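Only one structure is covered here, and it is reproduced in the block below.
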Amino acid sequence: MRAARPPEDARAAARPGDDGPAGATPLVELRGVSRRFGERPDGWLERGLRRLGLAQQPPAVTHAVDGVDLAVRPGEVVGLVGESGCGKSTLGRIAAGLLPPSDGEVLVDGRPLDALGPRERLAARLKVQMVFQDPFGSLNPRLRVARIVGEAARLHGLADAAGEDDYVCAQLERAGLDPSLRHRYPHQFSGGQRQRIGIARALAVQPAMLVCDEAVAALDVSIQAQILNLFMDLRDQLGLAYLFISHDLGVIEHLCDRVVVMYLGRVVESAPVDALFAGPRHPYTRALLQEIPRIATRRAHFTPIRGEIPSPLAPPPGCHFHPRCPHAMPRCRTEAPVLRGVAPQHASACHLDDGGALP
Ligand code: SF4
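In terms of this note's numbering, the sequence shown opens at residue 1376 and continues consecutively.
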């Protein structure tokens, strides 16, 4: 059975606590976005046959993302964290326009994508580009780098045939790669160089935001630092915004302005990075932060979050975190907590916040 969701008006009321710095219109905004996999439209014939025992039960539905509000403003770096399987990659793909939501709305520059015509929708989609975790799997091994980087720009009229080569060289330089290597194939590059090719390809369509899905997780530590520095340089040069998806809280703390914590498809906490690391409110965020090894404290033991993340095929009712939460109360098993403001720009979804500070 599907777990109870916070009512729409309650989620709408929670948006002010989840919307980061006030001011500019969000570049990308997700409103009440959900995504389910394995869902099939159930016709009257199928329902009738099932009642007669002549058809199989419908396949289980995976609730990957459940009623999420998220906004990224121009130039802002938002970190999206949570355990594997919490829905953060699915949410990133929805933000980048690679996956449509099952419910909810995606707005680019304050305008709903569904209300745009084909040309405007394409322009809105180009504004948000994705950088993937696997720098090899995301590049076509049969194409030379020049074609990988230049194809989309030519297709969308950003470079003509005569100027394409110069345009490609400029993107490669911007991504920190020697343009003289542009006639090679992806397999002739190292992992870090391939990631730079992926970044050059994303930059070639002149985006305003990059969604980076574990973009440095597959790289050596020294190369990770170079790519992270590149992201920050590009932010300074081009004013790019980022949705930075990572399980590495050290990277998130170093890089982001604001952090959004997800658990089993829902946002459980959102705050400016300093506030979140100095004073996490939600028990899940607290547990996550306790797992970070810190040289200053030199702890010999870490306290892992007890239990496994439940299956998104059957999320626990009420608060999804209740089977693992040391503070769970009877109401946590039946009533989904609403994401509400607990401090300026700081929101948390926990019933303990109803009665004041956490223990
Ligand atoms: Fe724990 Fe209840 Fe808060 Fe969920 S709502 S995090 S179960 S105390």
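No residue lacks a Cβ here, since even glycine has one placed at the ideal position from N, Cα and C.
Predicted model, so just to flag it, every value in this text is computed and none were measured.
Thinking C-beta only, is residue 1572 closer than 8 Å to residue 1564? A contact, by the Cβ cut-off of 8 Å.
At a cut-off of 7 Å, would you count residue 1703 as near ligand 1, judging by its Cβ distance to the nearest heavy atom? Answer for residue 1703: yes, Cβ within range of ligand 1.
Which word fits residue 1657, buried or exposed, when buried means at least 16 other C-beta atoms lie within 10 angstroms of its C-beta? The residue is buried, with at least 16 neighbouring Cβ atoms inside 10 Å.
Short of 8 Å in beta carbon distance, which residues of its chain neighbour residue 1682, apart from the five on each side in sequence? Order them along the chain. The answer, listed in chain order, is 1698 and 1699.
Once the 5 residues before and after residue 1501 are set aside, which same chain residues still bring their CB inside 7 Å of it? Within the same chain, residue 1501 has close Cβ partners 1531, 1580 and 1582.
For residue 1567 and residue 1735, believed in contact at Cβ under 8 Å, the rounded distance: In this structure the chain extends from 1376 to 1734, so residue 1735 is not present and cannot be described.
Which of the three DSSP states is assigned to residue 1587 in this structure? In the structure shown, residue 1587 adopts extended strand secondary structure according to DSSP, grouped into three states.
Supposed contact pair residue 1587 and residue 1453 - C-beta distance, whole angstroms, cut 8 Å: 11 Å between Cβ atoms; not a contact.
Between the region 1445–1461 and the region 1632–1650, do three or more beta carbon pairs fall short of 8 Å? In short, these stretches touch, since the Cβ pair count reaches three.
What are the start and end residues of the beta strand (DSSP E) that includes residue 1482? Per DSSP, residue 1482 belongs to the beta strand (DSSP E) from 1478–1483.
Any non-hydrogen atom of ligand 1 within 7 Å of residue 1594 CB: Set against 7 Å, the gap from the CB of residue 1594 to the closest heavy atom of ligand 1 is not smaller.
Coil, strand or helix - residue 1407 by DSSP: For residue 1407, the three-state secondary structure derived from DSSP is strand.
Of all the alpha helix (DSSP H) runs that stay within the bounds of the region 1508–1572, which reach a length of 4 or more residues? Those alpha helix (DSSP H) runs which fall completely within the region 1508–1572 and span 4+ residues are 1520–1530 and 1539–1549.
Do the CB positions of residue 1455 and residue 1635 come within less than 8 Å of each other? The answer is yes: Cβ separation under 8 Å.
Assess contact between the region 1586–1604 and the region 1503–1522, defined as three or more Cβ pairs (one per stretch) separated by less than 8 Å. Is contact present? Taking 8 Å as the limit for Cβ pairs, the verdict is that the region 1503–1522 does touch the region 1586–1604.
Following a CB-centred definition, is residue 1482 positioned closer than 7 Å to any heavy atom of ligand 1? No, the Cβ of residue 1482 stays beyond 7 Å of every heavy atom of ligand 1.
Coarse secondary structure for residue 1598, derived from DSSP in three states: For residue 1598, the three-state secondary structure derived from DSSP is helix.
Does the distance from the CB of residue 1570 to the CB of residue 1533 come in under 8 Å? Cβ distance not < 8 Å, so residue 1570 and residue 1533 don't count as in contact.
Alpha helix (DSSP H) runs contained entirely in the region 1408–1475, provided each spans 4 or more residues: 1419–1426 and 1463–1470, all fully within the region 1408–1475.
For residue 1529, which residues in the same chain have their Cβ closer than 6 Å to its Cβ, ignoring the five residues on either side in sequence? Excluding the 5 residues flanking it on each side, residue 1529 has same chain C-beta neighbours closer than 6 Å at 1539, in chain order.
Between the Cα of residue 1680 and those of 1693, 1689 and 1662, spot the shortest distance and give me the residue it belongs to. Residue 1680 has its Cα closest to that of 1662, out of 1693, 1689 and 1662.
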